[in-house]
Every structure is written in structure tokens, then in C-alpha cells.
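The block underneath contains the structure these notes are about, expressed in C-alpha cells.
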Amino acid sequence: MSVFSREPSEWQRLDWRLLQNGAIALYSRAARVSEDIQWLRDHGYDIYEFRCDHWQSEELVHEDFKRVLRFPEYYGKNFDALDDCFSDISIPEDGGVALVFYRFDAYAKTAGAMRTHSGRSHAEIILDIIATRSRYFLLTGERLVLLVQSDDPRLRFEHIGCISATWNPKEWLNTSRGLP
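Residue numbers (the numbering used here): 77 to 256.
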């Protein structure tokens, strides 16, 4: 099943326009977010909303994800567990899932600015997890989008959801390519 058809009328759909450049769309105006939420709801999307200005710690972030998305009791409350649980969320066949992050800039500039050993911030890691999961869902004809509202109209995130070229499955291991 394809996610969209090749009909030009489909290209005018909001979800098409959001997903054509990746799963994450930034918004500065709350009124525009509300308009798009209504369109998505009218087209069969389940909407999950988060108030990110309350995310003062990583623990609060994970508690919110667990509560809103109804993650299982064994949810590990770390980014690896978040990625795992995102792979199990239920996506409606006739629409999709839309996550909405309000005031993400407040989180990204405070607790979300904390960097890991890889140099990525916690805010970037969360966005990257969602972008990657959205790409995986699209492979099976399911739609996941993220609307990120920011009071800072200059908020930017570079290289979210990027993937590198990888070796094919038969040559994935170094030894299969003649390397030690």
C-alpha cells in the first residue's frame, strides 16, 4: 500500500506537504498549528500534544512521553527505550499520527540543550528519533508527522533524520568485505 497516490491533487494535501521535506515541521504561530491540527484530525490522524516548556529534566520528558503515548510500564525512560517504544505505536490506516510539541524552544534552550558524548543535544536526539521512526513507518504505508511550535522564530535544527550510505546486508560486516 502506498502512503499517497501519484494524483496531483494529493500533492496539495497538508500531510503530503509536511512529509515531502521530512517528518518535522517548525511553526512559530500557534494559530497555524491549530489550523493544521484540525486538518489532520479531519483526515484521520490521531493527535498527541506535549507542553515542552514543562520539560525541565530528562526524567520529566520521559514521564510525559510515557503518559501521553501510553508506553508500557517497563518503559526504560531513556532515549534508547524511547526509540524502541516509538516503533510500537499504533498508526491508524486511514490517517496517521501527528505529534505536537508546543514551546519546544523553551526545552531546546534549557534541559534539551544538554549534550551527549556524541555532541548532539537532547532536543536533537528526540527529533532525530521521531524523524527516523517516521521514515520507517513510511516503508509500511503509515504516516507519522511532528509539528514543532516555537516562540523563537529563529529556532533551527540541522541534520535531523539524516542517514549515511551503508553497506548492503551481505557485506555489512567488515569481514565480509575482506577487512579485519
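Here a beta-carbon is modelled for each residue, glycine too, at the ideal position from N, C-alpha and C. Owing to the predicted nature of the structure, the values given are computational and were not obtained by experimental measurement.
Original post:
Unbroken alpha helix (DSSP H) runs of length 4 or more, entirely within the stretch 137-177: which are they?
Top reply: 155-162
Original post:
Around the Cβ of L94, are there at least 16 other Cβ atoms within 10 angstroms (buried) or fewer (exposed)?
Top reply: Locating residue 94 in the sequence shown gives position 18, where the first residue counts as 1. Label assigned to L94: buried.
**OP:** Report the rounded CA-to-CA distance for F213 versus S163, giving the unit in angstroms.
**Re:** By one-based count along the sequence shown, residue 213 stands at place 137. By one-based count along the sequence shown, residue 163 stands at place 87. C-alpha separation (whole angstroms): 8 Å.
Subject >> Status (buried if at least 16 other CB within 10 Å, exposed otherwise) for D91 >> reply: Within the sequence shown, the letter at position 15 stands for residue 91. Buried, because 16 or more other Cβ atoms sit within 10 Å of the Cβ of D91.
**OP:** Just confirm the distance between the C-beta atoms of A187 and H198, as a whole number of angstroms; I'd bet it's less than 8 Å.
**Re:** In the sequence shown, counting from the first residue as 1, residue 187 sits at position 111. In the sequence shown, counting from the first residue as 1, residue 198 sits at position 122. Their Cβ separation, rounded to whole angstroms, is 7 Å, which keeps A187 and H198 in contact under 8 Å.
Subject >> Q225, enclosing beta strand (DSSP E) - first and last residue >> reply: Position 149 of the sequence shown, counted from the start, is the residue given in the question as residue 225. Unbroken beta strand (DSSP E) run through Q225: L220 to Q225.
Original post:
Is the Cβ-Cβ distance between A99 and L215 less than 8 Å?
Top reply: For the purposes of this step, residue 99 is identified with residue 23 of the sequence shown, where counting begins at 1. For the purposes of this step, residue 215 is identified with residue 139 of the sequence shown, where counting begins at 1. It is not a contact, given that the beta carbons lie outside the stated cut-off.
**OP:** Just mark M77 as buried or exposed, buried being the case when its beta carbon has 16 or more other beta carbons within 10 Å.
**Re:** In the sequence shown, counting from the first residue as 1, residue 77 sits at position 1. Here the model assigns M77 a pLDDT of 45, short of 50, so the residue's position is not dependable and the matter cannot be decided.
Original post:
Do V173 and D122 have their C-beta atoms closer together than 8 Å?
Top reply: Here residue 173 is taken as the residue at index 97 of the sequence shown, counted from 1. Here residue 122 is taken as the residue at index 46 of the sequence shown, counted from 1. Yes, these two residues count as a Cβ contact at 8 Å.
Original post:
Curious, which full-length beta strand (DSSP E) runs of at least 3 residues does the stretch 81-110 contain?
Top reply: 100-103
Subject >> Nearest-angstrom Cα separation, counted from R211 out to I165 >> reply: By 1-based counting over the sequence shown, the position of residue 165 is 89. By 1-based counting over the sequence shown, the position of residue 211 is 135. Their Cα atoms are separated by approximately 14 Å.
Subject >> Chain-order list of residues whose beta-carbon lies under 8 Å from that of R179 (same chain, five-residue window excluded) >> reply: Start at 1 with the first residue of the sequence shown, and residue 179 comes out as number 103. Excluding sequence neighbours, R179 sits near R127, C128, D129, Q225, S226 and D227.
**OP:** Kindly indicate which residue of V144, R196, L145 and L222 has the alpha-carbon position closest to the one of A101.
**Re:** By one-based count along the sequence shown, residue 101 stands at place 25. The option with the nearest alpha carbon to A101 is L222.
Subject >> Under the three-state DSSP convention, the category E135 falls into >> reply: Residue 135 sits at position 59 when you count from the first residue of the sequence shown. In this structure, E135 counts as helix in the three-state DSSP scheme.
Subject >> Proximal residues to D159 (C-beta, below 8 Å), its chain only, five neighbours per side dropped >> reply: Taking the sequence shown and counting its residues from 1, one reaches residue 159 at position 83. Excluding residues within five positions, the ones whose Cβ falls inside 8 Å are I205, T208 and R209.
Original post:
With a Cβ-Cβ cutoff of 8 Å, do H138 and G171 count as a contact?
Top reply: Translated into positions along the sequence shown, residue 138 becomes position 62. Translated into positions along the sequence shown, residue 171 becomes position 95. Contact: no.
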